[in-house]
Amino acid sequence: MVQYQQIDRTFAALADPTRRSVLERLGHGTATISELAEPFGISLTGIKKHVRLLEDAGLVTTEKVGRARRCSLGPQHLDDVHEWIELQRRMLDARLDRFGELLERTTKGDEQ
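Using this note's numbering, the first residue of the sequence shown is number 44, and each one after it goes up by one.
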């Protein structure tokens, strides 16, 4: 079953364009906090806050390597969100199928 608290954290993390860009960057390989901050022109403290939210959502993992903190995509990635979206898609498909059946019955009744 889908854990809604986790999905809420994931959607909240994905709501910010900077965090989505961080995930896109990490999709190409690991990076340090400094490397992640560079293209955005924001402080290390600012990027750390973004990374912490991504980490809380399970989308990113960090590891201290010497004086730097290396970031990589989390093992769970977007599995919970994907499962939730698939559930919504199946429910919508079922509703549309029922609506199609209703339309068929209605148009057949009008033809008679």
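Cβ atoms here follow ideal geometry from the backbone N, Cα and C, with glycine treated the same way.
- DSSP places Arg113 in the strand class (E or B) of the three-state scheme.
- Put simply, the backbone Cα of Thr149 is about 14 Å away from that of Asp140.
- For Ala55, the secondary structure class from DSSP, reduced to helix, strand or coil, is helix.
- Residue environment: Thr53 is assigned as buried (16 or more neighbouring CB atoms within 10 Å of its CB, all protein chains considered).
- Among the bridge pairs identified by DSSP, Thr105 is matched with Cys114.
- By DSSP's assignment, Ala74 forms a beta bridge with Cys114.
- The alpha-carbon separation between Val94 and Asp122 amounts to approximately 19 Å.
- Excluding the 5 residues flanking it on each side, Gln119 has same chain C-beta neighbours closer than 7 Å at Gly101, in chain order.
- By the CB criterion at 8 Å, Thr75 and Arg133 fall outside the cutoff.
- Exclusion of the five residues before and after Ala111 leaves Thr75, Ile76, Ser77 as the residues of its chain whose Cβ lies within less than 8 Å of its Cβ.
- By a beta-carbon distance limit of 8 Å, Ala80 contacts Leu87. Their separation comes to about 6 Å.
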